[in-house]
Amino acid sequence: MFMDITGKEIYKFCEELFPINRSLTGNGVRETLSIIKRELKDLKIHEIPSGTKCFDWTIPNEWNIVKAYIIDPDGKKIIDFRENNLHVVGYSIPVDISMSLEELEEHLYSLPEQPDAIPYVTSYYKESWGFCLTDSQRKNLKQGTYKVYIDSVLEKGSLTYGELIINEGCQEEIFLSTYICHPSMANNELSGPAVTSYLAKNILSKSNKRFTYRIVFIPETIGSIAYLSKNLDVMKKKTIAGFNITCVGDNHSISYLPSRNENTLADKAALHALEYSNLDYQRYLYLDRGSDERQYCSPGVDLPVCSVMRSKYGTYDEYHTSLDNLDFISSEGLYQSYEIYNKIIDIIEINKIYKSANLCEPQLGKRGLYPEISTLQTKNTVKNMMNFLAYCDGEADLLSIAEKIETPIWELTEIIDSLLECDLITVSN
Numbered sequence: 003m004f005m006d007i008t009g010k011e012i013y014k015f016c017e018e019l020f021p022i023n024r025s026l027t028g029n030g031v032r033e034t035l036s037i038i039k040r041e042l043k044d045l046k047i048h049e050i051p052s053g054t055k056c057f058d059w060t061i062p063n064e065w066n067i068v069k070a071y072i073i074d075p076d077g078k079k080i081i082d083f084r085e086n087n088l089h090v091v092g093y094s095i096p097v098d099i100s101m102s103l104e105e106l107e108e109h110l111y112s113l114p115e116q117p118d119a120i121p122y123v124t125s126y127y128k129e130s131w132g133f134c135l136t137d138s139q140r141k142n143l144k145q146g147t148y149k150v151y152i153d154s155v156l157e158k159g160s161l162t163y164g165e166l167i168i169n170e171g172c173q174e175e176i177f178l179s180t181y182i183c184h185p186s187m188a189n190n191e192l193s194g195p196a197v198t199s200y201l202a203k204n205i206l207s208k209s210n211k212r213f214t215y216r217i218v219f220i221p222e223t224i225g226s227i228a229y230l231s232k233n234l235d236v237m238k239k240k241t242i243a244g245f246n247i248t249c250v251g252d253n254h255s256i257s258y259l260p261s262r263n264e265n266t267l268a269d270k271a272a273l274h275a276l277e278y279s280n281l282d283y284q285r286y287l288y289l290d291r292g293s294d295e296r297q298y299c300s301p302g303v304d305l306p307v308c309s310v311m312r313s314k315y316g317t318y319d320e321y322h323t324s325l326d327n328l329d330f331i332s333s334e335g336l337y338q339s340y341e342i343y344n345k346i347i348d349i350i351e352i353n354k355i356y357k358s359a360n361l362c363e364p365q366l367g368k369r370g371l372y373p374e375i376s377t378l379q380t381k382n383t384v385k386n387m388m389n390f391l392a393y394c395d396g397e398a399d400l401l402s403i404a405e406k407i408e409t410p411i412w413e414l415t416e417i418i419d420s421l422l423e424c425d426l427i428t429v430s431n
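With the numbering used here applied, the sequence shown has no gaps in its numbers, which climb one by one up to 431 at the end.
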C-alpha cells in the first residue's frame, strides 16, 4: 500500500526547487538539500573538501554565482542570469570586461536547430566563461561594444551530498540514487530528487521492512564516484538491487535501461512491474547508458543498478535546454513514476524463497483450499496455487516462479498466505 501522496504534491515540490541554481558544488546544492531535509528529517548532509582524490577523479573547487549579465551597445541588459540561470555557462569564472561582438561571439552558445531554447552548457574542469541564449536572440545582436559581467567565485570549498539510511543494520540493502547538480530543468533534474523524496517518505511509513534502504542525493558523475570511493566495500557486500532515478516526470512513454549484467534482481523486478502493469515501454541497451549507472555498474564496482525513466535522457528535444521546464513535466507523469518504483520495491520486499512441506501434491480440499464448486475464477486461483507449488523447491525465488507461471507476483501473495497458514510451505530465506 502507498502513502496518501498525490502527483500534485510531487509537482509542487518540483515547483519549489525549480528556481534554485544548482551545479556540481555550491550553495544551490545546499539549499536544495535543506529543502529535501525538511521532508526527510533524518537526511544527513555531507561535505567532501575540494582536492579530495576519489579513484581517478578529484573533487573540484566550489563554484558560486551572485549575478551575471550582458549589456548591449545601446545600454540595454539583454542577457540576465537572474531571469534564467541557464544563461550562464556552469562554473564560469568572474568576468568584468567590455568587448566587441566578434570577441563576445566566442563565448556565446545557442542552438540553431532550436531557435527559442536556451542550451545548458558547463565547463567544470577547465576554467572558462560563457553565456547561453536563444538562437533567435543571438541573430539580433548588433555590432558594437558589449559590457560583460559575471560575479562568481571559484575557490576551495567542498562537494555536498545527502544520504538517508532507512532501517539500518540489515544484511541486505536496496540502493536509490538521484542527482541534484543541474539548474532549472524539470525532467532531467528535478523529477528525480522529487520522486525519490516521496519514495523515501513512503518507505519510511512501511512496517516490517526486510532490507536497509540506502538513498543518496548527489551531483551526477563526480558525486557517484565520490560516494563509491567512501562506501564501495559495504555496498558490494550488501546491495541486492539499485536504481538510478532520473527523467521521471514527463508524459511520454516509459523507458527501461538495464544494468551492465542485465539479469540482476533489480532488472527482473523492474521488468516484471512494467510487463504485468500492462505499461508500454521502450527497452534500451546498457550501451545506451549516460547517467550514474556508468559508475555503479563499471567493472570492479559491479552493483546491480538499472533505471526506469519516462523519456530517457538525450532522447527528447527539450533535454538540456530551457524547454525542459515545468510545463514539460506533469503531476500525472511524476505520480506514475512514483507508483512504478513503489511497485518495484514491493516486488523485491515480497520476493522470498519457499519450499513445499509435502512430498507429492498436498490434498487441498481437506484444508478448504480447493473449491467445492468450480468456476473460471476459482480454477485460475487453484491453477496458480498448484503451479506455484510445482516450483516451490526451496531454490527458486518467488519472482522467478511468477515469471515461470506467467502470473503477476502480487497475485501470489494471498495464495502464499493461505499455504503458510496451512503449513504447506516454509520460508527458506
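The C-beta atom is built at its ideal place from N, Cα and C for all residues, glycine as well.
Worksheet item: Over what stretch of residues does the beta strand (DSSP E) that includes residue 57 continue unbroken?
Response: No beta strand (DSSP E) holds residue 57; DSSP gives it neither H nor E.
Worksheet item: Are the beta-carbon atoms belonging to residue 150 and residue 217 less than 8 Å from one another?
Response: No. Outside cutoff.
Discussion item. Quick check on the DSSP output: what are the complete beta strand (DSSP E) runs of length 3 or more inside the stretch 220-246, in order along the chain?
Written reply: 241-246
Fill in: residue 134 - partner residues in DSSP beta bridges
111
Worksheet item: Taking the C-alpha atoms as reference points, what is the distance between residue 91 and residue 18?
Response: 23 Å
Practice prompt. Tell me whether the beta-carbon of residue 1 lies closer than 8 Å to the beta-carbon of residue 67.
Written response: The requested residue 1 is not part of the displayed model; the chain covers only 3 to 431.
Worksheet item: From what residue to what residue does the beta strand (DSSP E) around residue 164 run?
Response: 160-168
Worksheet item: Grouping DSSP H, G and I as helix and E and B as strand, with all else coil, what is residue 330?
Response: coil
Item to complete: Look up residue 172 in the DSSP assignment and give the residues it is bridged to.
Response: Residue 172 is not bridged to any residue.
Practice prompt. Could you check which residue in 156, 104 and 138 has the C-alpha nearest to that of residue 125?
Written response: 156
Worksheet item: Going straight from the alpha carbon of residue 58 to that of residue 228, what length do you get?
Response: 10 Å
Worksheet item: Are the beta-carbon atoms of residue 1 and residue 42 separated by less than 8 Å?
Response: For the chain, the structure presents residues 3 to 431; residue 1 sits outside this window and is missing.
Item to complete: Check the DSSP bridge columns for residue 31 and list the partner residues they point to.
Response: Residue 31 pairs with nothing; no bridge assigned.
Worksheet item: Which of the three DSSP states, helix, strand or coil, is assigned to residue 284?
Response: If DSSP states are grouped into helix, strand and coil, residue 284 belongs with the strands.
Worksheet entry | Rounded Cβ spacing between residue 65 and residue 25 (contact assumed at less than 8 Å) | Rounded to the nearest angstrom, the Cβ distance from residue 65 to residue 25 is 6 Å, consistent with a contact under 8 Å.
Worksheet item: From residue 3 to residue 316, what distance separates their C-alpha atoms?
Response: At residue 3 the pLDDT is 46, less than 50, meaning the model places this residue with poor confidence and gives no usable figure here.
Worksheet item: How big is the Cα-Cα spacing for residue 424 and residue 369?
Response: 7 Å
Discussion item. Assuming the contact rule is C-beta atoms closer than 8 Å, residue 414 and residue 391 should be a hit. Round their C-beta distance to whole Å, please.
Written reply: Not confirmed; about 11 Å, so no contact.
Worksheet item: Got a sec, what are the start and stop residues for the alpha helix (DSSP H) residue 157 sits in?
Response: Here residue 157 belongs to no alpha helix (DSSP H); instead the beta strand (DSSP E) covers 147-157.
Worksheet item: Which residues bound the beta strand (DSSP E) around residue 356?
Response: 355-358
Worksheet item: Hey, out of 243, 340, 357 and 238, whose CA is closest to residue 252's CA?
Response: The option with the nearest alpha carbon to residue 252 is 340.
Fill in: Beta-carbon contacts of residue 159 that lie in its chain and below 7 Å, excluding the five residues immediately before and after
27, 52, 63 and 64
Discussion item. Could you tell me the alpha carbon to alpha carbon distance between residue 134 and residue 120, rounded to whole angstroms?
Written reply: One C-alpha to the other measures close to 6 Å.
Worksheet entry | Given 8 Å, three or more beta-carbon pairs between the stretch 241-248 and the stretch 167-183 | yes
Item to complete: Provide the residue(s) that pair with residue 121 in DSSP beta bridges, ordered along the chain.
Response: 323
Worksheet item: What three-state label does DSSP hand residue 420 in the structure shown?
Response: helix
Item to complete: Starting from residue 178, follow its DSSP beta bridges and name the residues at the other end.
Response: 217 and 245
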